[in-house]
Amino acid sequence: MVFKRGKSRGGDVARKTYSWPQEYKGENVMYKLPTNIQWNDNIVVNEDEYAVFFRDGKAFHVFDQAGRYALTTQLFQSLGAIVTGVRQLGEVYYIQRRELRGKFGTPEPLTYRDADFGLVRLRVFGQFAYKVIDPIIFITQFVGTHGYSTSDSVLDWLKGELVQTVNDALGELKRDKHMALVDMPAYLQEIEQLVIAKVESEATRYGLKITNIANLTITPPKEVQDAIDRRGAMGALGVGYTEYQTGKAIEGVGEGAAKGGNSSAGALAGLGAGAGMGIGMGGAMSQGMQQGGSGTVVKVKCPSCGALLAEDAKFCKDCGKSVTPVKTILCGKCGAEIKEDAKFCRECGAPTRLQCAKCGVELDSGSKFCNECGTRVGPQEEAEAPPPPPEA
Numbered sequence: 007m008v009f010k011r012g013k014s015r016g017g018d019v020a021r022k023t024y025s026w027p028q029e030y031k032g033e034n035v036m037y038k039l040p041t042n043i044q045w046n047d048n049i050v051v052n053e054d055e056y057a058v059f060f061r062d063g064k065a066f067h068v069f070d071q072a073g074r075y076a077l078t079t080q081l082f083q084s085l086g087a088i089v090t091g092v093r094q095l096g097e098v099y100y101i102q103r104r105e106l107r108g109k110f111g112t113p114e115p116l117t118y119r120d121a122d123f124g125l126v127r128l129r130v131f132g133q134f135a136y137k138v139i140d141p142i143i144f145i146t147q148f149v150g151t152h153g154y155s156t157s158d159s160v161l162d163w164l165k166g167e168l169v170q171t172v173n174d175a176l177g178e179l180k181r182d183k184h185m186a187l188v189d190m191p192a193y194l195q196e197i198e199q200l201v202i203a204k205v206e207s208e209a210t211r212y213g214l215k216i217t218n219i220a221n222l223t224i225t226p227p228k229e230v231q232d233a234i235d236r237r238g239a240m241g242a243l244g245v246g247y248t249e250y251q252t253g254k255a256i257e258g259v260g261e262g263a264a265k266g267g268n269s270s271a272g273a274l275a276g277l278g279a280g281a282g283m284g285i286g287m288g289g290a291m292s293q294g295m296q297q298g299g300s301g302t303v304v305k306v307k308c309p310s311c312g313a314l315l316a317e318d319a320k321f322c323k324d325c326g327k328s329v330t331p332v333k334t335i336l337c338g339k340c341g342a343e344i345k346e347d348a349k350f351c352r353e354c355g356a357p358t359r360l361q362c363a364k365c366g367v368e369l370d371s372g373s374k375f376c377n378e379c380g381t382r383v384g385p386q387e388e389a390e391a392p393p394p395p396p397e398a
């Protein structure tokens with residue numbers, strides 16, 4: 007902005023005074039004076055900004071202290087020989103010193119390979135804070151190398167770097183921690199810190215520092231969100247997919263019948279009946295389809311978590327526990343149910359296997375006679391009492 011216009015009386019007379027008005031700054035990181043400065047022009051630098059003198063693709067000087075500066079040969083002695091006879095000296099860029107804020111998001115969804123849902127397209131949104139830490143490098147890279155002259159160009163570059171770094175961070179967590187899609191909400195803070203650390207080196211090369219990332223949101227497609235919701239509902243109800251879908255269908259029939267009622271009470275009663283019958287009948291129909299008819303796949307329930315498994319499954323696909331029934335026997339002494347391979351009863355401590363003292367054959371607990379030689383054995387064996395002596 008031009009503050010004042012003076013009359014030209016020679017090389018030592020001030021011509022114009024320029025500044026960057028506070029009300030126009032906002033979240034803009036830089037501002038280029040719309041015209042090239044000339045000898046004896048003045049620029050005003052405020053506490054919250056830098057001013058960089060730029061000419062021929064090179065940053066010559068940084069005004070990093072607040073004040074008014076007259077562009078004279080005393081200030082730019084090194085330019086005297088270079089710009090002799092040149093009226094227009096160069097360009098001035100203002101740069102904000104304070105921390106600035108912005109928003110970023112994926113222009114196109116990111117692809118993430120999940121163990122449960124396969125390839126999923128993710129939308130990522132968030133907010134970030136950044137600041138210029140080296141005005142010379144900042145101007146040299148963005149203006150001198152890339153030819154950027156607006157804050158929007160710099161912001162677009164930053165957003166692209168953040169999106170790419172988020173994509174790298176997701177891949178790293180998938181590789182190192184096997185992060186699943188449903189677990190991402192628990193990793194959001196870790197993802198934010200990981201992105202800040204990974205983007206630091208690239209941002210420093212451009213004279214920038216990303217100071218914070220917040221409100222990170224990772225959104226899968228609606229169909230995947232619906233699938234996650236269904237999985238949660240199935241887990242809460244303790245039913246399988248077929249039971250759940252059949253129940254939802256019958257529930258819809260109940261809702262339709264309820265809407266045809268003459269009173270709100272009847273409608274609510276019909277709705278409740280529809281929902282209850284839906285899950286109940288859904289379970290019955292599901293079991294019937296699984297067990298009846300030739301060619302159908304027979305499934306069994308995991309005794310630990312209730313998941314439906316193939317009949318020949320040995321371990322549960324959801325909880326990992328064994329689904330093979332444990333064979334049991336009864337203790338011959340106290341009758342307690344114990345594992346078939348147990349050596350002693352967990353209730354009374356009696357041995358579960360006996361050995362015939364005569365022929366050495368191993369016998370089941372509770373045996374009274376050897377099934378090989380007929381000898382009386384077992385803890386039930388009691389020595390016969392000798393006959394009483396005759397009375398004198």
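Heads up, the sequence shown is in the numbering used here, so the first residue is 7 and it goes up one at a time.
Ideal Cβ placement from N, Cα and C applies to all residues, glycine included.
Values in this document were obtained by computation on a predicted structure and should not be read as measured data.
Smallest Cα separation from residue i: which of the options?
i    : options                   : result
P227 : V126, D47 and R103        : V126
V149 : R103, G166, V188 and Y212 : Y212
M36  : H67, L106, A76 and N48    : L106
Q231 : E368, F123, A57 and G366  : F123
R352 : E167, A233, L360 and C340 : C340
E53  : L39, D70, E114 and E368   : D70
V172 : Y118, Q102 and H67        : Y118
A72  : D370, F60 and Y56         : Y56
R5   : P115, N34 and L161        : Any answer about residue 5 is impossible in this case: the structure gives the chain only from 7 up to 398.
P40  : F59, T23, L336 and E97    : E97
G32  : V58, N48, I101 and Y24    : I101
D174 : K204, P191 and G153       : K204
C337 : A233, I216, V68 and C354  : C354
V58  : F110, T23 and F144        : F144
Going by beta-carbon coordinates alone, are residue i and residue j separated by less than 8 Å?
i    : j    : result
R74  : V50  : yes
Y136 : L164 : yes
A356 : F350 : yes
F134 : I197 : no
E167 : E206 : no
N46  : T78  : yes
I142 : L214 : no
Q308 : K327 : The question names Gln, yet the displayed sequence has Cys at residue 308. Contact flag set, yes.
V169 : T112 : yes
G108 : L161 : yes
Q147 : L95  : no
Would you kindly work out how many angstroms separate the C-alpha atoms of residue i and residue j, rounded to a whole number?
i    : j    : result
N221 : F131 : 8 Å
C376 : L315 : 44 Å
T334 : E346 : 5 Å
Q361 : T381 : 11 Å
L128 : V201 : 17 Å
G63  : D235 : 57 Å
V367 : A348 : 18 Å
C379 : C365 : 7 Å
L38  : Y99  : Contrary to the premise, residue 38 reads as Lys rather than Leu in this sequence. Going by the C-alpha atoms only, they are around 4 Å apart.
A313 : I344 : 26 Å
K374 : C322 : 42 Å
Y30  : A65  : 24 Å
D370 : C325 : 36 Å
D318 : C311 : 17 Å
R15  : H152 : Bear in mind that a pLDDT of 38 at R15, under 50, signals an unreliable position, so the number given afterwards is only what the model happens to contain. Rounded to whole angstroms, R15 to H152 spans 39 Å at the Cα level.
T223 : W26  : 35 Å
T358 : V306 : 32 Å
D120 : E114 : 18 Å
T210 : L116 : 26 Å
G282 : L194 : Below a pLDDT of 50, predicted positions are generally treated as unreliable, and G282, at 46, falls in that range; the measurement from the model is reported next regardless. Roughly 38 Å between the two C-alpha positions.
N48  : Q199 : 44 Å
P191 : K183 : 14 Å
F60  : A233 : 57 Å
V68  : T217 : 23 Å
Q28  : A76  : 21 Å
Looking only at DSSP bridge pairs, what is residue i linked to?
i    : result
D370 : R359
F110 : G132
H67  : F59
K38  : Y99
D120 : G124
I219 : F134
G73  : V51
S328 : F321
K307 : L314
Y212 : Answer is none; Y212 lacks a bridge partner.
R382 : F375
Checking contacts by CB at 8 Å: is residue i closer than that to chain B?
i    : result
L222 : In the displayed structure, chain B is absent; only one protein chain is listed.
Say the cut is 7 Å; is the CB of residue i nearer than that to a heavy atom of the ligand GDP?
i   : result
A65 : Looking at this structure, you won't find the ligand GDP or any other ligand, since it has none at all.
Counting Cβ pairs, one atom from each stretch, are 3 or more of them under 8 Å apart for the region 178-189 and the region 149-161? no
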